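Protein chains in written order, with my numbering: chain W, 1 to 500; chain H, 1 to 136; chain Y, 1 to 497. Built from N, CA and C at the ideal position, the CB exists for glycine as well. Remember, it's a predicted structure, so these values are computed and weren't measured experimentally. Following: one structure in structure tokens, then a few remarks.
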């Protein structure tokens, strides 16, 4: 039983919850948490339904809703999903649900936390469903506000610095995107009405571009603006410095959202906006993007190896893993790599969510995250060690777990186009294996540190947040088709469009 | 080519902006030259006697920064305002016949406002004279 | 030069300045009441009278005929177009908000309250006259009515030294720049032999062909800019702004930052578009050939916004910070003037409307916090979010709107302005403005950070009365509402040009 306007419901249902939370009296924090949880369950159910009902063979957009919003600018309230959006929406719905549970131990300013979290949830889903450039931009920016407060109020010791850095970096990218958006608006004319348009499906039609938007310089600059905007979010290496700070200072659930979903918005944006709007430039920038991807892989892995803070290590590993996504997305000679890249987006979302949740578990108990100060934890917390082991092995790409397949697909595909880059990228995998195993050894094996000998085992609530992710990781490791099925047709279409 | 501008032609050779600019520059140059020479050639030997303000040979006493009694200033301002307003009334009086009742109404309103202003400064103590003036 | 639509009868023409006349009556009434009644008991009475006067002043607007671009009245002194028609309610709203703000904050002593309301009303009247004027003399007269009375407003706290200093600075700068502008007017009068803008515009197109006259025109334009850039607080005539904004009572600061500033921008439109631009029927204008004022203004715009934003970063006094932010916003607004298109004009008007609510809102919070026991320094905002959540959330929303983040109205305003320059393909200015947005984020967030992210250093309770909350709500509704659905306002501004 699904409502009409499914996507709208899915996007705005959490917002209703947020509105409701504002009216709960201060002395009932549990009620607020309950409302927050209740506000994430129906979207998860709808997302699951969406996943089941989605027509895998269609290349167009499905569940489309299009209503005029601001006639003066020809802006539409335009939602729709294709094969790339569905896994992202599903991931968002799932992680939001899990993160609400993971945030159950938040006891400071409960009302603010959950209201902002739900607002964040709304904006994230909005980004993945918007088909109007203007709407996309609104949701994209809307995400910054709750994120700033969530890091800044509930974060760690350097939260203020981390929050403002995150905000400033992302805003630089956003305003560039705003300029490009307006250039496209004035550079295109909708043939049916003669109006300028923000409609992404219309802007993707190269024949609507006016003369000045056909000039190479303008296109090049536009692509660069968009690319910087998205690269900051992914983040690719020269633009990545906000990420370690933000991840380290953010509370656990917010780290999960940051790494699990926000980073994917960068790559999603490239797929949704850069490639369709400027396919020729996508080809031109491909080598550059692939090189940045490679640098991110190697640099992220090397940095991760040098960290002593568990959260920072995972943050840098995210940079490394997102490098694979960028590398795979820059390959247009076959569809294998790009399929691998989108699969990697999904897999990294689940794996890194697990990793951050696990760090949260240990941090809640020990209040430190210093790798070297632990030791022999496997004896104290065997179940926890088991979960962590699974997550670590998944992250380092052990065959049989999900990341292996996506990384392998990326490498196999990109080898056809960029031989040297791909060969160098494989060393990234070795480095990844090295730092994860080394960390494993330092934290869980070796002599037991007496100081932490009586840490309590992982609780039922924590296990409940981890288990679904673990199941997905294992399932997709053996059988990735549930996701590959979904994205295949759309990506084939995307690649065909870029190749022209 | 002849510029045609309804007899308001401004050519370089007639008195205009160009010549004004030249004139301005010359004045500026002359003045700065004089000032420069005065300070360059002049001898500077200062002593306290020389630095003392010149008051016709009388040795100055006290500070030069005296405060004016404000009532003078206020009265001057009030005079200015009401005097200028009176000029309007004169001009109405001269063309009284041709302005008719409409003009009479207008000037009545005008005088009413004027009276209101007088009332205001009166109530505010603007007409009080001397140190006993009412403070609010 | 008499246009066809000229309203011959002056008696009929008087009905078009109905708003100003009603305001005059309200001023006289307040003056009378202030003199005759023991004024210290009747603060609310003056407020009611003033608000009623302002509200009443917009009522006759809807009785008047449909505005038209060339409908002039009172011997061609004024024009009755959409800009005039819609500016009057705008300024009335500015006045009402200022009066209400002075009422709820109590920053102005009871003994000076009736004068304050009178002056606010009179400045409002000056602004209303200014936007309708199409004659150089009338423009100057209205400009000075607005100017001189606002100097008085700044110095209304007679026994406060900072207020006096601010007023003096404002007077000196103002006298100098408006004198310069008057000199510019005289040059134009010398060229055209008329003070009527329509008559002058025809001579200007003619005169710009001739090098000598072109020089004169360039000098005239530069002199105009002195007056206009002063009123709008733009580079290089912005130096007065921080001191005056800091020294003036906060409600008056709020008033100055939206009222005379908006009037300055409307005057930009009134003076520069008819005189120094051609192509009034098309949606795109061209600067009169040989007079490249848009390039100068584009440069001024870029410098103004950058300078304002960079200077704001290190301010610890919120009023100074907002003053520099207001300089930066003048820079953004100039983008709309520079773009020389209908879209540009619309963007200026749209932004001014949006700016009214968000900027008055920000100043309102500053005034409320200061009057509720805090101060204007950023230190007293530390941890305020926990003690006065409603006010702080409102402040955060106004500040985010000033930054230009969705879903707040400031974002839409910025989109309009960006669209205007991109429409004219002045990409460098768009990029400069975009990066400026990022700079501005930093200092606006300093306040947000102090309110929500930091622990309080002092423990004074901030009690904000209900009346203040209601006023804030009235400002919040448009700030949020216009950010989500601005089609109604977009339609109005599209109809204007």
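Per DSSP, cross-strand counterpart(s) of residue i
i: residue 68 of chain W; result: W:76
i: residue 62 of chain W; result: W:81
i: residue 286 of chain Y; result: Y:278
i: residue 73 of chain Y; result: Y:78
i: residue 209 of chain W; result: W:188
i: residue 511 of chain W; result: In this structure chain W extends from 1 to 500, so residue 511 of chain W is not present and cannot be described.
i: residue 377 of chain Y; result: Y:317
i: residue 341 of chain Y; result: Y:284
i: residue 539 of chain Y; result: Residue 539 of chain Y is absent from the model: chain Y starts at 1 and stops at 497.
7 angstroms Cβ cut-off: residues of chain W touching residue i
i: residue 431 of chain Y; result: 179
Partners in chain H for residue i, counting only beta-carbon separations shorter than 7 angstroms
i: residue 31 of chain Y; result: 116 and 120
i: residue 35 of chain Y; result: 119, 120 and 123
Spatial neighbours of residue i in its chain, beta-carbon cut-off 7 angstroms, leaving aside the 5 residues before and after
i: residue 151 of chain W; result: 159, 162, 163, 166, 246, 249, 250 and 254
i: residue 118 of chain Y; result: 27, 30 and 31
i: residue 224 of chain Y; result: 181, 184 and 271
i: residue 270 of chain W; result: 230 and 329
i: residue 291 of chain W; result: 421
i: residue 33 of chain H; result: none
i: residue 2 of chain H; result: At residue 2 of chain H the pLDDT is 46, less than 50, meaning the model places this residue with poor confidence; the figure from the coordinates comes in the next sentence. Closer than 7 angstroms at the Cβ level, and outside the excluded window around residue 2 of chain H, lies no residue.
6 angstroms Cβ shell around residue i - same chain, five flanking residues per side excluded
i: residue 294 of chain Y; result: 287, 338 and 340
i: residue 309 of chain Y; result: 328, 436, 439 and 440
i: residue 126 of chain H; result: 74
i: residue 135 of chain Y; result: 77, 195 and 196
Under 9 angstroms by beta carbon: chain H residues contacting residue i
i: residue 28 of chain Y; result: 112, 113 and 116
Below-8 angstroms beta-carbon distance, residue i vs any chain W residue
i: residue 400 of chain Y; result: yes
i: residue 362 of chain Y; result: no
i: residue 449 of chain Y; result: yes
i: residue 251 of chain Y; result: no
i: residue 394 of chain Y; result: no
i: residue 294 of chain Y; result: no
Neighbour flag for residue i against chain Y, beta carbons, 8 angstroms
i: residue 269 of chain W; result: no
i: residue 524 of chain W; result: Absent from the structure is residue 524 of chain W, since the part of chain W shown begins at 1 and ends at 500.
i: residue 123 of chain H; result: yes
i: residue 71 of chain W; result: yes
i: residue 106 of chain W; result: no
i: residue 233 of chain W; result: no
i: residue 182 of chain W; result: yes
i: residue 5 of chain H; result: Confidence at residue 5 of chain H is low in this model, with a pLDDT of 48, below 50, so the placement of that residue should be treated as unreliable; the coordinate-derived value is given next. So, interface residue.
i: residue 175 of chain W; result: yes
i: residue 167 of chain W; result: yes
Within chain Y, partners of residue i - CB distance below 9 angstroms
i: residue 18 of chain H; result: 212 and 215
i: residue 186 of chain W; result: 419, 422, 423 and 425
Residue i: contacting residues in chain W (beta-carbon distance under 8 angstroms)
i: residue 452 of chain Y; result: 149, 152 and 153
i: residue 494 of chain Y; result: 72
Min CB distance residue i to chain H below 8 angstroms
i: residue 17 of chain Y; result: no
Chain W contact residues for residue i, given Cβ-Cβ distances below 9 angstroms
i: residue 226 of chain Y; result: Within chain W, no residue comes near residue 226 of chain Y; the closest Cβ sits about 32 angstroms away, beyond 9 angstroms.
Chain-ordered neighbours of residue i on chain Y, where CB pairs are closer than 7 angstroms
i: residue 11 of chain W; result: Residues of chain Y passing the Cβ test: none, with the nearest at roughly 13 angstroms.
Sequence-distant residues of the same chain with beta carbon closer than 8 angstroms to residue i, five excluded per side
i: residue 239 of chain Y; result: 173
Amino acids of chain Y, ordered along the chain, whose beta-carbon sits closer than 8 angstroms to that of residue i
i: residue 160 of chain W; result: 449, 453 and 454
**Report entry** Validate contact between the region 404-423 of chain Y and the region 334-342 of chain Y using beta carbons, cut 8 angstroms, 3 pairs
**Finding:** yes
Report task. Evaluate contact between the region 100-119 of chain W and the region 2-18 of chain W, counting only Cβ atoms and requiring at least three cross-stretch pairs below 8 angstroms. Result -> yes
Requested in this report: Could you say if the region 402-422 of chain W and the region 490-499 of chain W meet the contact criterion of at least three C-beta pairs nearer than 8 angstroms?
Outcome: no
Report task. Evaluate the contact criterion for the region 478-490 of chain Y versus the region 371-391 of chain Y: three or more CB pairs, one atom per stretch, below 8 angstroms. Result -> no
Requested in this report: Evaluate contact between the region 464-478 of chain W and the region 340-359 of chain W, counting only Cβ atoms and requiring at least three cross-stretch pairs below 8 angstroms.
Outcome: yes
Query raised in the report: Can at least three beta-carbon pairs, one atom from the region 460-477 of chain Y and one from the region 343-353 of chain Y, be found at a separation below 8 angstroms?
Result: no
Requested in this report: Tell me, please, whether the region 292-303 of chain W touches the region 413-432 of chain W by the rule of three or more beta-carbon pairs shorter than 8 angstroms.
Outcome: yes
Query raised in the report: Does the count of Cβ pairs from the region 199-211 of chain W and the region 446-466 of chain Y closer than 8 angstroms reach three?
Result: no
Requested in this report: Pair every Cβ in the region 338-345 of chain W with every Cβ in the region 399-409 of chain W, then say whether three or more of these pairs are closer than 8 angstroms.
Outcome: yes
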